[in-house]
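Have a look at the structure below before the remarks.
In my numbering, the protein residues as written are 30 to 337.
Below, the structure written as structure tokens:
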């Protein structure tokens, strides 16, 4: 790790969940370099959410501290309301405040919808969606009282665009986009902002993608060229005061590319003074709207060029 420069997020207190490896680790290290005091949360579970290893969070803390930064480890689960409150309280008790929450913790339980079990559904929803709500809600009173704060939520094109075999993950991530927008609107009067980042990068979670077909192998090879550290600069910016006027947005990062993603808005309309019948819908509405229908695209269909 580079020596701390103490500039962009100097003295900010930032809680990063799932920061024991991958994208979260890079966030924590980058924030530490820029002067933030970091709470490194990670239960040390597998990609499927099984097991625990407290040393993963502590190793990231050791890297930050050895470079002259400030950090503490936390091993609570984001999927537990009491655990979410404890990690926020740890930030406040250790450093006197909390300025930013980065909801990065995640697991995968991939399976086609028609085979997905209730436990596979609930486990992913609990970590990604409920967990993001719990941690965000735990920080909200502190943000309100100090009239400042920033939320950064990690989402996915699996939800924004679509993907096979990830109904639980896609639903959780698109739900998180809506949660972020609601937080941005509800907390705006307290000068608190909320944004999403959809990352393209090679990580433990992405590493679980099957590579049985040539198409899958090509996709994974492309992802392996996208480093997790490339996402950190945007996260550091969004955590800083420089982003004071940025809220309610969804960004995507793909190697050296940063995208502002669209949000749902009407694209076609039809009206009639006499009201609609099933037959008139079939005869008039669908033929007019069909050219604007969306295909059943996946992320790689939309982002089909090599990363820059």
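Note that CB positions come from ideal geometry on N, CA and C, so glycine has one too.
Where residue 216 falls, given that 16 or more other Cβ within 10 Å makes a residue buried | Reading the chain shown from its first residue, position 187 is the one you call residue 216. Burial call: buried.
Decide if the segment 65 to 75 is in contact with the segment 43 to 50; the criterion is three or more beta carbon pairs, one per stretch, under 8 angstroms apart.
-> Cβ pair count under 8 angstroms is three or more, so yes.
Residues of its chain near residue 317, where Cβ-Cβ distance is below 8 angstroms and the 5 sequence neighbours each way are ignored | For the purposes of this step, residue 317 is taken as residue 288 along the chain shown, with counting starting at 1. Closer than 8 angstroms at Cβ, skipping near neighbours: 297 and 299.
Take every Cβ of the segment 269 to 285, pair it with every Cβ of the segment 327 to 336, and state whether three or more of those distances are shorter than 8 angstroms.
-> Taking a cut-off of 8 angstroms for Cβ pairs, the segment 269 to 285 and the segment 327 to 336 touch, as three or more such pairs fall below it.
Going by DSSP, name the residue or residues bridged to residue 66.
-> As a first step, residue 66 is located in the chain shown; it is residue number 37 there, counting from the start. Partner(s): 42 and 99.
Among 84, 55 and 126, which one has its Cα closest to the Cα of residue 41?
-> Along the chain shown, read from residue 1 onward, the residue named residue 41 stands at position 12. For the residues 84, 55 and 126, the minimum Cα distance to residue 41 belongs to 126.
Among 197, 225, 149 and 208, which has the Cα closest to the Cα of residue 26?
-> With the chain covering only 30 through 337, there is no way to say anything about residue 26.
Which of the three DSSP states, helix, strand or coil, is assigned to residue 162?
-> Position 133 of the chain shown holds residue 162. Looking at residue 162 - three-state DSSP - the assignment turns out to be helix.
Simplified DSSP assignment, three categories, for residue 336 = Locating residue 336 in the chain shown gives position 307, counting from the first residue. Coil.
From residue 112 to residue 327, what distance separates their C-alpha atoms?
-> By one-based count along the chain shown, residue 112 stands at place 83. By one-based count along the chain shown, residue 327 stands at place 298. About 35 angstroms.
Compute the Euclidean distance between the alpha carbons of residue 413 and residue 219, then round it to the nearest angstrom.
-> Nothing in the structure corresponds to residue 413, since the chain is present only between 30 and 337.
Closest to residue 109 by CA distance: which of 128, 118, 36 and 155 is it?
-> Position 80 of the chain shown, counting from 1, holds the residue named residue 109. Here the closest residue by C-alpha is 155.
Is the CB-CB distance between residue 73 and residue 86 below 8 angstroms?
-> Position 44 of the chain shown, counting from 1, holds the residue named residue 73. Position 57 of the chain shown, counting from 1, holds the residue named residue 86. Going by C-beta atoms, residue 73 is nearer than 8 angstroms to residue 86.
Determine the DSSP secondary structure at residue 295, reduced to helix, strand or coil.
-> What you label residue 295 is simply residue 266 of the chain shown in a count that begins at 1. If DSSP states are grouped into helix, strand and coil, residue 295 belongs with coil.
Under the rule that 16 or more other beta-carbon atoms within 10 Å means buried, what is residue 193, buried or exposed?
-> The sequence position of residue 193 within the chain shown is 164, counting from 1. Residue 193 comes out exposed.
Close beta carbons around residue 45, own chain, < 8 angstroms, minus the five adjacent residues each side | Along the chain shown, one-based indexing puts residue 45 at 16. Correct list, in chain order: 53, 56, 57, 60, 67, 68, 69, 70, 131 and 133.
Would you kindly check if the distance between the Cβ of residue 107 and the Cβ of residue 160 is under 8 angstroms?
-> For the purposes of this step, residue 160 is taken as the residue at position 131 of the chain shown. For the purposes of this step, residue 107 is taken as the residue at position 78 of the chain shown. Yes, Cβ-Cβ distance for residue 160 and residue 107 is below 8 angstroms.
Return the residue from the list 227, 301 and 140 that minimises the CA-CA distance to residue 153.
-> Numbered from 1 along the chain shown, position 124 holds the residue referred to as residue 153. Cα-wise, what sits closest to residue 153 is 140.
Check whether residue 63 and residue 36 have beta carbons under 8 angstroms apart = As a working mapping, residue 63 is identified with position 34 in the chain shown. As a working mapping, residue 36 is identified with position 7 in the chain shown. Yes, these two residues count as a Cβ contact at 8 angstroms.
Just the Cα atoms here: how many angstroms apart are residue 304 and residue 312?
-> For this step, residue 304 is matched to residue 275 along the chain shown. For this step, residue 312 is matched to residue 283 along the chain shown. Whole-angstrom Cα-Cα distance: 14 angstroms.
Local conformation of residue 327 per DSSP, three classes | Working through the chain shown from its first residue, we reach residue 327 at position 298. Reduced to three states, the DSSP call for residue 327 is coil.
Measuring CA to CA, which of 256, 275, 209 and 301 is closest to residue 166?
-> The residue given as residue 166 occupies position 137 in the chain shown. Among 256, 275, 209 and 301, the Cα nearest to that of residue 166 is on 209.
From residue 288 to residue 149, what distance separates their C-alpha atoms?
-> As a first step, residue 288 must be located in the chain shown, where it is residue number 259. As a first step, residue 149 must be located in the chain shown, where it is residue number 120. C-alpha separation (whole angstroms): 31 angstroms.
Rounded to whole angstroms, how far is the Cβ of residue 205 from the Cβ of residue 158, which I believe are closer than 8 angstroms?
-> Position 176 of the chain shown, counting from 1, holds the residue named residue 205. Position 129 of the chain shown, counting from 1, holds the residue named residue 158. Between residue 158 and residue 205 the Cβ distance is about 6 angstroms, and since that is below 8 angstroms, they are a contact.
Given residue 187 as reference, the closest of 38, 332 and 39 once Cα atoms are compared | To locate residue 187, count along the chain shown from 1; it is residue 158. Minimum Cα distance to residue 187 is reached at 332.
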